[in-house]
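Following: one structure in structure tokens, then a few remarks.
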Amino acid sequence: MVITYVKFEFKASSIASEAIYFRSSKLPTRHNHSHSQLPMKDTTTTATASTALLDRRGKYNRSVSNLNDEFHTFRSYIRWMCVDQSNPFTAALSWSLFLLLAVAVPAASHFLLACPDCDARHSRPYDAVVQLSLTSVSALSFLCLAVFVRKYGLRRFLFFDKLCDESETVRTNYMAQHNRSLKILSVFVGPCFVAECAYKIWWYTSGAPQIPFLGNVYVSDAVACILELWSWLYRTTVIFLVCVLFRLICHLQILRLCDFARFFHVDSDVASVMSEHLRIRRHLRIISHRFRAFILLALVLVTGSQFACLLVTTKHTKDMNIYKTGELALCSVTLLSALCILLRSATKITHKAQAITGLAAKWHVCATLDFDGVLTEGGTPTAPQSSHETMFPNVGTDGESETDEAGDEEDEIDTTKLIPSYAYSTISYQKRQALVKYFENNRAGITVYGFMLDRSTLNTIFGIELSLVLWLLGKTIGFS
Numbered sequence: 005m006v007i008t009y010v011k012f013e014f015k016a017s018s019i020a021s022e023a024i025y026f027r028s029s030k031l032p033t034r035h036n037h038s039h040s041q042l043p044m045k046d047t048t049t050t051a052t053a054s055t056a057l058l059d060r061r062g063k064y065n066r067s068v069s070n071l072n073d074e075f076h077t078f079r080s081y082i083r084w085m086c087v088d089q090s091n092p093f094t095a096a097l098s099w100s101l102f103l104l105l106a107v108a109v110p111a112a113s114h115f116l117l118a119c120p121d122c123d124a125r126h127s128r129p130y131d132a133v134v135q136l137s138l139t140s141v142s143a144l145s146f147l148c149l150a151v152f153v154r155k156y157g158l159r160r161f162l163f164f165d166k167l168c169d170e171s172e173t174v175r176t177n178y179m180a181q182h183n184r185s186l187k188i189l190s191v192f193v194g195p196c197f198v199a200e201c202a203y204k205i206w207w208y209t210s211g212a213p214q215i216p217f218l219g220n221v222y223v224s225d226a227v228a229c230i231l232e233l234w235s236w237l238y239r240t241t242v243i244f245l246v247c248v249l250f251r252l253i254c255h256l257q258i259l260r261l262c263d264f265a266r267f268f269h270v271d272s273d274v275a276s277v278m279s280e281h282l283r284i285r286r287h288l289r290i291i292s293h294r295f296r297a298f299i300l301l302a303l304v305l306v307t308g309s310q311f312a313c314l315l316v317t318t319k320h321t322k323d324m325n326i327y328k329t330g331e332l333a334l335c336s337v338t339l340l341s342a343l344c345i346l347l348r349s350a351t352k353i354t355h356k357a358q359a360i361t362g363l364a365a366k367w368h369v370c371a372t373l374d375f376d377g378v379l380t381e382g383g384t385p386t387a388p389q390s391s392h393e394t395m396f397p398n399v400g401t402d403g404e405s406e407t408d409e410a411g412d413e414e415d416e417i418d419t420t421k422l423i424p425s426y427a428y429s430t431i432s433y434q435k436r437q438a439l440v441k442y443f444e445n446n447r448a449g450i451t452v453y454g455f456m457l458d459r460s461t462l463n464t465i466f467g468i469e470l471s472l473v474l475w476l477l478g479k480t481i482g483f484s
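For the sequence shown, counting from 1, position 379 maps to 383 in my numbering; every step adds exactly one.
Have a look at this one:
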């Protein structure tokens, strides 16, 4: 009985380790699909692969932050920003700080420091538009970020729990992009905050006797200036933080699409191509579902803010100068920069996803020409090549090098290079045709309630907003 039990347990553990080895052997070399049998008897290799896979899954499935965690810096930043709502205490602190810096301080600044009796250089006629614009967009960003972190967790929200299924190239590049996220955030927030600091310091120092104060004029002005600067920094950082996180998530999908394009440059089978594309489409659908409300509402709020700015600055009775409109212009630049990050990230990933269709069509054409014979310049087919190892030349039909005029316009996925013949040597014409039809009828990308965010959609949005701008100018200054 004991011997039988030991044998049964040994066989079960062997089957489990071989199953784990099969999974791990596919992950790092997803694109090398050979038809050889797995090494069933190599127990040393199996144990090593099993240990590596389990260690990798444990690395990307950690939930507690520590000094060696790739999320330690990011979690610390979110904690210092007080947008972490992982427990009731941090949630209460987060909401308290938001109500203070995003609602109370702007309201007090507008109603108590409006300074209607100040001179023309220190009056703030556009302060209401500035405060409402920043507060509304920052409130939207804060609510979305709080829901995302509380519902999914930071690791799941950024798809780090799925990195164990990706290739080493995708994991490395995504980690590098993740480490650069805070630098990108500071690039957008820093210049805006420096400009706001310069404006506020000038406004308080040059107009101190005219500005309402309580008690000592210098102490009250210093406290008010610091609170206003903290409010501006908090609101702009929350706005850009959500946009940078969306950009980071989209960058992961772009890396996966570039990695997926290698399927067409190796001897792959249609089933593996289909399964990988379906997995990418599922993740794009998840991203679209999470961010669709945020993208739509951000577009509406920023558009409304810009129309309000245009309306109040084009009145006939308004005297325009840099002292009055400087903060309004800075607010517009901040909101438009955040919106551009969102739209550019969404359209870029949609463009990359749709470029797969062109790559699949080129792959199908190259395979068909290689099978039937390559056409000459006069259109007469020649005899097929002697072997599938023959490579198509990487030059144009005129003998020009592909780097002569392409420059930076060359797409990473759908390039002008022809597909080598060994990439389709084992796939029939019917399977290739069916795969191309599938890509043509299943376009992937970021959608907002069913509408694909691509370049044509941006052109439509630009046309609609330009029409509204011209209509508004016609009503205010008689522009026609």
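For glycine and all other residues, C-beta sits at the position ideal for the given N, C-alpha and C.
Closest in alpha carbon position to C196, among K319, A333, F268 and V223, is A333. The continuous stretches of alpha helix (DSSP H) do not include E170, and DSSP gives it neither H nor E. Taking all protein chains in view, the Cβ of E172 is surrounded by fewer than 16 other Cβ atoms within 10 Å, so the residue is classified as exposed.
Counting other Cβ atoms within 10 Å of its Cβ, F466 stays below 16 and is therefore classed as exposed. Of the other Cβ atoms in all chains shown, fewer than 16 fall within 10 Å of the Cβ of D121; this residue is therefore exposed. The alpha-carbon of Y156 is positioned some 10 Å away from that of A150. A straight-line Cα-Cα distance of about 12 Å links Y222 and S210. Distance check between A371 and each of H269, H126 and M324 places H269 closest, using alpha-carbon atoms only. When C-alpha distances from A180 are compared across G194, D169 and F164, the shortest belongs to F164.
The C-beta separation of L472 from F264 comes to about 40 Å, leaving the pair out of contact by the 8 Å criterion. Per DSSP, F268 lies in no alpha helix (DSSP H) segment and is marked neither H nor E. Per DSSP, G467 is one residue of the alpha helix (DSSP H) stretching across R459 to T480.
Around the beta-carbon of C86, 16 or more other beta-carbon atoms lie within 10 Å, marking it buried. Within the model, the alpha-carbon separation for S460 versus A359 is close to 15 Å.
When the beta-carbon positions are compared, G449 and A357 come within less than 8 Å of each other. Beta-bridge pairing by DSSP links F455 to V452. Take S235, set aside five residues on each side of it, and the residues of its chain with a beta-carbon closer than 8 Å to its own are L105, A106, V109, P110 and S113, in chain order. In this structure, Y238 is the residue among K366, Y238, W207 and L144 with its C-alpha nearest to the C-alpha of Y81. With contact defined as three or more Cβ pairs closer than 8 Å, the segment 299-313 and the segment 359-369 are not in contact. Closest option to L158, judged by alpha-carbon separation, among R251, D88 and Q135: D88.
Where H76 is concerned, the enclosing alpha helix (DSSP H) starts and stops at H76 to W84.
DSSP, read as helix, strand or coil, puts S432 in coil.
Rounded to the nearest whole angstrom, the C-alpha separation of L167 and I230 is 42 Å. The Cβ atoms of I258 and K352 lie closer than 8 Å to each other. Here T451 is actually not in contact with Y130; their C-beta atoms are around 36 Å apart, not less than 8 Å. Cα atoms of V227 and N220: separation of roughly 11 Å, rounded to the nearest angstrom. With a contact defined as Cβ atoms closer than 8 Å, V248 and L189 qualify at about 5 Å. Across the structure, F146 and Y453 are spaced so that their CA atoms are roughly 22 Å apart.
Following the DSSP letters along the chain, one finds P110 inside the alpha helix (DSSP H) bounded by residues V109 to L116. Under the criterion of beta carbons closer than 8 Å, L252 and L162 qualify as touching, at roughly 7 Å. Straight across, the Cα-Cα distance linking A275 with L256 is about 23 Å. DSSP, read as helix, strand or coil, puts S145 in helix.
In chain order, V141, L144, L343 and L346 place their CB closer than 7 Å to the CB of A302, counting only its own chain and leaving out the 5 sequence neighbours on each side. The Cβ atoms of K204 and E232 lie closer than 8 Å to each other. Inside the segment 263-343, DSSP marks whole alpha helix (DSSP H) runs of 4 or more residues at positions 274-317, from first to last along the chain.
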